[in-house]
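Structure first, then comments.
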Amino acid sequence: MKNTFYLILIVIFFSCNQTKGDLENSIFTVDEKLIAMNILQEFDNALIVETGEENIEDAYLSYSNRLQESNSITDFFNNQKLNKEQCLKIIDKYKKTNFFKEVWTINYGYSRSDMKDTVAVFLDINPLGKYLNYLGELSVDKPILKKYIIAIKECNCIPPSIIAGFPNIIDEFDLNKKNERLIIAIHYLTILSVKQKKQAVNKQ
């Protein structure tokens, strides 16, 4: 009886000390969490290939440092490019899943990089999806995310000021935690998602 009592206490203790905003305890369904981890794994792999680092934490730091060292806007956009084809494959692979719909909206229009007549498809964060609510949960212990959330809600996109400043807050994230790397992965997949078309796009 005493052992049972102590076991209950232990369970209660760990339940009360779970990290706020931890993906495992978030509002996402089991299937959505699985897709989230698949996307993260594939982005991690792409980042390791791009940076040549063996350790995933070093890969994220190396990529962010590269962006921080950009000397101009042109340099910044050139430096932020991962393997474009690989990133688009990740996006296309999961675009019919519920997790995708809770994170992103698909937009059609002009390329944000040149604003010419080239029709493009690109992603923005879904302002009504679960993902922003999830970031809200995380922001309780990570206040830096509150500014990120407000900026997205105000313009229904990730604004240029946030894109430029994001590499500078890499130290705010615990890169050993998958749920925190997921935020970074989703951020960069979003801004790398522009897919140019030479003719009008049929919305699906």
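So the sequence shown is numbered by my numbering: it starts at 1441 and just counts up by one. Beta carbons are placed, not taken as given, at the ideal position from N, Cα and C, and that holds for glycine.
Is the beta carbon of I1475 less than 9 Å from the beta carbon of Y1534?
Yes, they are a contact pair.
Could you tell me which of I1602, E1493, G1576, N1573 sits nearest to T1630, measuring between CA atoms?
Of the listed residues, the one whose Cα sits closest to T1630 is I1602.
Residue range of the alpha helix (DSSP H) that D1498 falls in?
Run containing D1498: 1496-1508, per the alpha helix (DSSP H) assignment.
With I1584 as the anchor, note down where its alpha helix (DSSP H) starts and where it stops.
Start and end: 1584-1595.
Kindly indicate which three-state DSSP category G1569 falls into: helix, strand or coil?
Note: G1569 maps to coil in three-state DSSP.
By a C-beta neighbour count over all protein chains shown, 10 Å radius and 16 as the cutoff for buried, is Y1548 buried or exposed?
Classification of Y1548: exposed, given that the 10 Å Cβ count is below 16.
For the alpha helix (DSSP H) that T1469 lies in, which residues bound it at each end?
Neither: T1469 is in no alpha helix (DSSP H) and is coded neither H nor E.
Quick one: is L1568 buried, meaning 16 or more other Cβ sit within 10 Å of its Cβ, or exposed?
With fewer than 16 Cβ atoms within 10 Å of its Cβ, L1568 is classed as exposed.
Sort out for me which residues DSSP pairs T1545 with in a bridge.
For T1545, which the question treats as bridged, DSSP gives the partners D1564.
Identify whether I1598 lies in helix, strand or coil by the three-state DSSP scheme.
Of the three classes helix, strand and coil, the one that applies to I1598 here is coil, per DSSP.
Hey, is the segment 1616-1634 in contact with the segment 1583-1603, meaning 3+ C-beta pairs nearer than 8 Å?
The answer is yes - the segment 1583-1603 touches the segment 1616-1634, with three or more Cβ pairs under 8 Å.
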